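Only one structure is covered here, and it is reproduced in the block below.
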Amino acid sequence: MKLKNVIFLVILIILFSVNISAETYFAGRSASKIEAAYWIYKSKKEFEKKIIADRGEVFACLNNQKEKKLYFGGALNNKGAIWQINYNDEIISYETPKESRSIYSLLITDNGDIYAGGLHIYLGGFVWLKKAGSEWEQLGYPVGAAMISSLAIDSKGRLFAGGFAQSEGKVWLYSNNKFDIGSVLNMAKEINCLEVHKDVIYAGGIKSNNTGGVWFNEGDNWKEGENLKFSTGIYASTINPEGVIYFVGAGDEKRHVWENSKGFWNAIELDDCISLYSIESYKDGSIYAAGWNGKRKGQVWIKSKKSNEWNAFALDDCFVIRSIS
Numbered sequence: 032m033k034l035k036n037v038i039f040l041v042i043l044i045i046l047f048s049v050n051i052s053a054e055t056y057f058a059g060r061s062a063s064k065i066e067a068a069y070w071i072y073k074s075k076k077e078f079e080k081k082i083i084a085d086r087g088e089v090f091a092c093l094n095n096q097k098e099k100k101l102y103f104g105g106a107l108n109n110k111g112a113i114w115q116i117n118y119n120d121e122i123i124s125y126e127t128p129k130e131s132r133s134i135y136s137l138l139i140t141d142n143g144d145i146y147a148g149g150l151h152i153y154l155g156g157f158v159w160l161k162k163a164g165s166e167w168e169q170l171g172y173p174v175g176a177a178m179i180s181s182l183a184i185d186s187k188g189r190l191f192a193g194g195f196a197q198s199e200g201k202v203w204l205y206s207n208n209k210f211d212i213g214s215v216l217n218m219a220k221e222i223n224c225l226e227v228h229k230d231v232i233y234a235g236g237i238k239s240n241n242t243g244g245v246w247f248n249e250g251d252n253w254k255e256g257e258n259l260k261f262s263t264g265i266y267a268s269t270i271n272p273e274g275v276i277y278f279v280g281a282g283d284e285k286r287h288v289w290e291n292s293k294g295f296w297n298a299i300e301l302d303d304c305i306s307l308y309s310i311e312s313y314k315d316g317s318i319y320a321a322g323w324n325g326k327r328k329g330q331v332w333i334k335s336k337k338s339n340e341w342n343a344f345a346l347d348d349c350f351v352i353r354s355i356s
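Mind the numbering: the sequence shown is residues 32 to 356 in this note's numbering, read in order.
The following block contains the structure:
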């Protein structure tokens, strides 16, 4: 083979690899019937739908770029479900972590270990672990947990699980091979998301007065953050490469995104939006948020680094988007 042909082939392979890994995945539920599905964002206006399972639900999505696999967590036939799908959209495996009812959160470590948080058939909130190259195992029961909806690992390598116990929002720390009794966050009714930036852990959720709440931990003590104006609930969070924090959820009027830049919270309006359940930021400065628009339509809002505008895209045959990866 001639040298120029070899070079051309290498360039094609590189471009193909970059294109594949750069795609964004939106996991949720179809509108026409109850089925687990995901949508692939391929260009500025093109979304391609893929069906995972009939009668299934998806709540969490994880993109393992190192192994070129997607993980989707949810429920099927009243049992927890985790699907592995490769970048060619082929289902590699379908697994049910032992005694799981539903999976609401997925987290991957640098060494390839995967944590899953959700609902145990008998105990309530629970966490499972799949070590790289191994099967799913039960990690532990956060004491008193009714639901685990979020997971995070801090800069010290410590695992935290967020959710609620009875009517209290709590965060549990995994230490010495077990979860502690959990920290009750002031006025917290439920914790829906955890985010780590440097040495600080942020939590978002719903307060006992049914407003959105934010808390942070700079050591071993949780403190309540400022009130998020117009917020009625926080469901997801992200931090962009510049350290700007975003929380999304439900709010009065059109406000569903809250941005913290330089210590000040800014409520951002989105057109045609009822609630947001997921948000992700990327190295190129773009931000993707997703949820539903109240018209039986799952919808995606995209903001590029070059613009302050959020562009909305309604997805075909999509009822709601629960997770982005």
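No residue lacks a Cβ here, since even glycine has one placed at the ideal position from N, Cα and C. Please read all numbers here as calculations on a predicted model, not as lab measurements.
CA-to-CA distance, residue j to residue i, given in whole angstroms
| i | j | result |
| --- | --- | --- |
| Asn271 | Lys314 | 8 Å |
| Ser52 | Glu257 | Caution applies to Ser52, whose pLDDT of 41 falls short of 50 and renders its modelled position unreliable; the value that the coordinates give is listed next. About 37 Å. |
| Leu346 | Trp246 | 33 Å |
| Ile232 | Glu226 | 6 Å |
| Ala112 | Ala58 | 14 Å |
| Lys285 | Leu301 | 6 Å |
| Ala343 | Asp303 | 8 Å |
| Lys336 | Glu273 | 11 Å |
| Phe78 | Arg60 | 15 Å |
| Ser186 | Asn339 | 31 Å |
| Gly325 | Val202 | 31 Å |
| Val215 | Lys73 | 42 Å |
| Gly250 | Ser312 | 26 Å |
| Ala106 | Ala234 | 25 Å |
| Thr55 | Phe295 | 29 Å |
| Met178 | Tyr135 | 9 Å |
| Cys224 | Ser180 | 7 Å |
| Met218 | Lys334 | 32 Å |
| Asn94 | Gly188 | 20 Å |
| Ile184 | Phe210 | 14 Å |
| Lys100 | Arg353 | 19 Å |
| Asp144 | Pro173 | 19 Å |
| Asn108 | Thr127 | 11 Å |
| Tyr319 | Asp141 | 23 Å |
| Trp70 | Tyr266 | 20 Å |
| His151 | Phe103 | 17 Å |
| Gly280 | Ile139 | 24 Å |
| Asn291 | Phe195 | 25 Å |
| Tyr153 | Lys110 | 12 Å |
| Leu190 | Gly200 | 17 Å |
| Glu221 | Gly155 | 14 Å |
| Asp283 | Lys162 | 42 Å |
| Ile237 | Ala91 | 20 Å |
Per-residue DSSP class, three states only, for residue i
| i | result |
| --- | --- |
| Gly59 | strand |
| Ser214 | strand |
| Asn297 | strand |
| Ala176 | coil |
| Ser52 | Any reading at Ser52 needs caution, since the residue's pLDDT is 41, under 50, leaving its predicted position unreliable; the model's value is listed next. In the structure shown, Ser52 sits in a helix (DSSP, three-state: H, G or I). |
| Trp74 | For the sequence presented, residue 74 should be read as Ser rather than Trp. Of the three classes helix, strand and coil, the one that applies to Ser74 here is coil, per DSSP. |
| Gly244 | strand |
| Tyr308 | strand |
| Asn109 | coil |
| Lys97 | coil |
| Gln330 | strand |
| Gly322 | strand |
| Glu166 | coil |
| Tyr313 | coil |
| Lys220 | strand |
Boundaries of the beta strand (DSSP E) in which residue i is found, first to last residue
| i | result |
| --- | --- |
| Arg132 | 131 to 139 |
| Ala234 | 231 to 238 |
| Leu150 | 145 to 151 |
| Ser354 | 349 to 355 |
| Ser186 | Looking at the DSSP string, Ser186 is not in any beta strand (DSSP E), and its letter there is neither H nor E. |
| Asn207 | No beta strand (DSSP E) contains Asn207, which DSSP labels as neither H nor E. |
| Leu160 | 155 to 161 |
Which residues DSSP lists as bridging residue i, in chain order
| i | result |
| --- | --- |
| Arg286 | Glu300 |
| Thr263 | Paired residue(s): none; Thr263 is not in a bridge. |
| Ser268 | Phe278 |
| Ala67 | Arg60, Ala84 |
| Trp341 | None; Trp341 has no bridge partner. |
| Ser124 | Gln115 |
| Leu225 | Ala234 |
| Asn291 | Ile276, Trp296 |
| Glu255 | Trp246 |
| Phe103 | Cys92, Trp114 |
Cutoff 8 Å: residue i Cβ touching any chain B Cβ
| i | result |
| --- | --- |
| Ile179 | The question asks about chain B, but that chain is absent: this structure has only one protein chain. |
Margin query: Whether or not the segment 65 to 82 and the segment 128 to 138 are in contact is what I'm after, with contact meaning three or more pairs of Cβ atoms, one per stretch, closer than 8 Å; do they touch?
Written below: no
Margin query: I want to know whether the segment 165 to 181 touches the segment 114 to 125 - three or more CB-CB distances under 8 Å.
Written below: no
Next item on the list: Report yes or no: do the segment 53 to 68 and the segment 86 to 95 share at least 3 C-beta pairs separated by less than 8 Å?
Entry: yes
Notebook entry, point to check: So, do the segment 257 to 267 and the segment 198 to 217 have three or more beta carbon pairs nearer to each other than 8 Å?
Noted result: no
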